[in-house]
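Visitor: Under the working numbering, the first residue of the sequence shown carries the number 34, and numbering increases by one thereafter. We treat Cβ as the ideally placed atom computed from N, Cα and C, and that holds for glycine. Before I ask anything, let me first share the structure, which is written out below as structure tokens.
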Amino acid sequence: MLFTGCDRGSHPGQIGTTAPAFTVTDTDRTVRLADYRGKVVVLNFWASWCAPCLEEFPSLIQLQRQMPNVAVLAVSFHDEDAAYHSYIAENHIDLLTVFDASEKSNLAYGTTRPPETYIIDKKGVIRRKFIGPQDWTSPELITYLNKLEAS
Numbered sequence: 034m035l036f037t038g039c040d041r042g043s044h045p046g047q048i049g050t051t052a053p054a055f056t057v058t059d060t061d062r063t064v065r066l067a068d069y070r071g072k073v074v075v076l077n078f079w080a081s082w083c084a085p086c087l088e089e090f091p092s093l094i095q096l097q098r099q100m101p102n103v104a105v106l107a108v109s110f111h112d113e114d115a116a117y118h119s120y121i122a123e124n125h126i127d128l129l130t131v132f133d134a135s136e137k138s139n140l141a142y143g144t145t146r147p148p149e150t151y152i153i154d155k156k157g158v159i160r161r162k163f164i165g166p167q168d169w170t171s172p173e174l175i176t177y178l179n180k181l182e183a184s
């Protein structure tokens with residue numbers, strides 16, 4: 034079961050601020066948050082050993098299919114490179130994922146335990162933060178993302 038609003042603490046000062054820029058390069062690709070300016074971004078921090086992260090992955094994939102104009106970006110941290118790549122390959126993850134061995138991207142957001150997810154608007158401003166797994170196909174979240182996309 035996924036819960037919206039599960040909370041281990043919040044960083045209210047982050048909401049309404051510019052999302053920290055980052056570039057992550059792993060063995061497969063380089064991802065720059067700046068490349069997604071002009072799009073709504075769902076930025077998910079996760080790890081292959083994190084059961085709640087894996088629980089919410091199917092809904093993140095479904096969200097990307099349902100809303101192709103929203104960029105869903107999953108950044109793995111606190112992980113091993115082999116475990117990350119094995120999970121991606123074995124589960125046929127059809128989502129933009131990157132492994133941040135340096136853990137600089139998650140630390141820029143103050144994220145120390147996965148899963149945490151940020152919704153970033155087209156101007157690069159953090160609009161919402163979720164701590165814990167979510168159902169990304171819930172009507173409330175889809176409505177919210179549609180409103181952000183339309184603005």
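Return the residue from the list Asp-168, Ser-135, Lys-162 and Arg-161 that minimises the CA-CA distance to Thr-60.
Guide: Ser-135
Visitor: The alpha helix (DSSP H) spanning Asn-179 covers which residue range?
Guide: Here the alpha helix (DSSP H) through Asn-179 covers 172–183.
Visitor: Can you round the beta-carbon distance between Leu-66 and Gln-97 to whole angstroms, since I take them to be within the 8 Å contact cut?
Guide: Distance from Leu-66 to Gln-97 at the Cβ level is roughly 17 Å; contact not present, criterion being Cβ atoms closer than 8 Å.
Visitor: What whole-angstrom Cβ distance do Gly-71 and Lys-155 have, given they're in contact under 8 Å?
Guide: 5 Å
Visitor: First and last residue of the beta strand (DSSP E) that includes Lys-162?
Guide: 159–164
Visitor: Using the C-alpha atoms, what's the distance from Trp-79 back to Glu-186?
Guide: Residue 186 lies beyond the stretch modelled for the chain, which goes from 34 to 184, so this question has no answer here.
Visitor: Can you give the Cα-Cα distance for Leu-174 and Gln-95, rounded to whole angstroms?
Guide: One C-alpha to the other measures close to 13 Å.
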